[in-house]
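Q: The following block contains the structure, expressed as structure tokens.
There are 2 protein chains.
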Amino acid sequence: MQTYTISGLARAAGVNVETIRFYQRRGLLPEPDKPLGGIRRYSQADVARVLFIKSAQRIGFTLDEIAQLLQLDAGTHCAEARAIAERKLEDVRVRLADLQRIEAALTQLVDRCAARRDTVSCPLIAALQPASASPPR
Amino acid sequence: MQTYTISGLARAAGVNVETIRFYQRRGLLPEPDKPLGGIRRYSQADVARVLFIKSAQRIGFTLDEIAQLLQLDAGTHCAEARAIAERKLEDVRVRLADLQRIEAALTQLVDRCAARRDTVSCPLIAALQPASASPPR
DNA sequence: CTTGACTCCGTACCTGAGTACGGAACTTAT
DNA sequence: ATAAGTTCCGTACTCAGGTACGGAGTCAAG
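Residue numbers (my numbering), protein chains in the order written: chain A, 44 to 180; chain B, 44 to 180.
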């Protein structure tokens with residue numbers, strides 16, 4: 044089994060050592076117990092965990108939300124796990140839809156831009172309108 | 044044409060008045076010129092713009108990135124627009140992939156959880172591993 | 001023509017997510 | 001056994017994205 048020091052873990056996950064320590068304080072990452080006044084060692088699993096945190100952040104989850112997701116991974120009891128998962132899933136689907144609309148709009152923009160050599164504009168804002176907005180009061 | 048006061052705009056977009064003013068300072072939202080020492084009026088388009096900003100934020104864009112996306116919508120000249128759009132598109136596709144993997148993992152978790160009445164765990168972390176991590180040095 | 005609600009503007013404050021710093025302890029190579 | 005490089009830990013600072021506040025001006029209803 045491969046072990047990392049804290050700086051090896053940070054390097055492997057592409058983050059700062061301080062970030063690792065910060066995640067430990069936040070409870071996102073376990074602090075392995077250290078061998079009597081010694082130095083902690085980390086595993087592949089910790090690397091995966093940090094990479095997960097970073098990916099989840101990129102798609103807009105906060106650290107608190109990520110903590111919930113991580114609990115799911117840990118195998119909570121069924122009922123709670125399912126409840127959390129369902130809430131997150133709704134959330135994820137909203138984001139997915141937004142992201143897909145942005146993707147479509149950007150793709151269209153790039154295509155149109157490749158075809159015609161002039162000024163283009165693209166309904167990027169319109170792409171994200173879910174429904175009609177209500178009139179002012 | 045419908046017009047909003049600043050608080051009507053804020054209400055319609057589901058944000059705080061202060062947030063509108065903050066976006067104006069950041070250049071994300073135009074400040075309509077006010078009729079001689081009077082009060083500014085906003086349009087549907089401004090509502091759409093704020094909603095766009097909020098959606099884009101939810102999927103993990105920073106305000107600086109959103110400012111770039113908004114420039115695309117404004118119809119920049121072709122070459123630049125295309126360049127920006129292509130960079131964003133790559134970005135969007137990475138996020139989309141992450142999000143889809145999370146969605147799949149969560150769906151699986153919920154399904155498994157509905158089927159069996161006990162403790163489940165779900166490869167949520169594994170779901171976001173793009174490739175194998177490198178060994179420690 | 002005043003009262004209450006809203007706008008405008010500047011400045012100050014707050015929260016989330018790190019980043020930096022500094023001293024003491026530990027580890028490794030020389 | 002000592003110097004260089006890490007680790008550990010606490011505390012302080014930073015930056016993004018808002019939020020709150022307070023005084024002066026404006027506007028609409030009674």
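Every residue, glycine too, gets a C-beta built ideally from N, C-alpha and C.
#1: Measure from the C-beta of Asp141 (chain A) to each C-beta in chain B and report whether the shortest distance is under 9 Å.
#2: Would you kindly work out how many angstroms separate the C-alpha atoms of Asp154 (chain A) and Gln67 (chain A), rounded to a whole number?
#3: Using CA atoms only, rank isn't needed, just tell me which of B:Arg83, B:Leu94, B:Leu149, B:Lys77 is closest to Ala56 (chain B).
#4: Taking the alpha-carbon of Gln87 (chain B) as reference, which of B:Gly51, B:Gln111, B:Ala99, B:Ile168 has the nearest alpha-carbon?
#5: Check whether the Cβ atoms of Asp107 (chain A) and Leu167 (chain B) lie closer than 9 Å to each other.
#6: Can you give me, in chain order, the residues of the segment 104-116 of chain A that have a beta carbon less than 8 Å from any beta carbon in chain B?
#7: What in chain A is Cβ-close to Arg69 (chain B), meaning under 9 Å?
#8: Compare the C-beta of Arg64 (chain A) with all C-beta atoms of chain B and state if any pair is closer than 9 Å.
#9: Which chain A residues are close to Lys131 (chain B), counting only those with a beta carbon under 7 Å from its beta carbon?
#10: Assuming the contact rule is C-beta atoms closer than 8 Å, Gly103 (chain A) and Ile109 (chain B) should be a hit. Round their C-beta distance to whole Å, please.
#11: Taking 6 Å as the limit between beta carbons, can you name the residues of its chain near Asp89 (chain A), skipping five residues before and five after?
#12: Following the continuous alpha helix (DSSP H) through Glu123 (chain B), name the residue where it begins and the one where it ends.
#13: If you follow the alpha helix (DSSP H) that Thr62 (chain B) is in, where does it begin and where does it stop?
#14: Which stretch, first to last residue, makes up the alpha helix (DSSP H) that contains Glu74 (chain B)?
#15: Between the alpha carbons of Ser175 (chain A) and Lys97 (chain B), how many angstroms are there, rounded?
A: The structure says:
#1: yes
#2: 46 Å
#3: B:Leu94
#4: B:Gly51
#5: no
#6: Leu112, Leu113, Leu115, Asp116
#7: Correct list: empty, because the minimum Cβ distance to chain A is about 17 Å.
#8: no
#9: Leu149
#10: In fact, because the Cβ distance is near 13 Å, the residues do not count as touching under 8 Å.
#11: Leu52
#12: 121-158
#13: 60-68
#14: Careful: Glu74 (chain B) lies outside any alpha helix (DSSP H) and carries neither H nor E.
#15: For Ser175 (chain A), the predicted model reports a pLDDT of 46, less than 50, meaning its position is unreliable and no value from the coordinates is stated.
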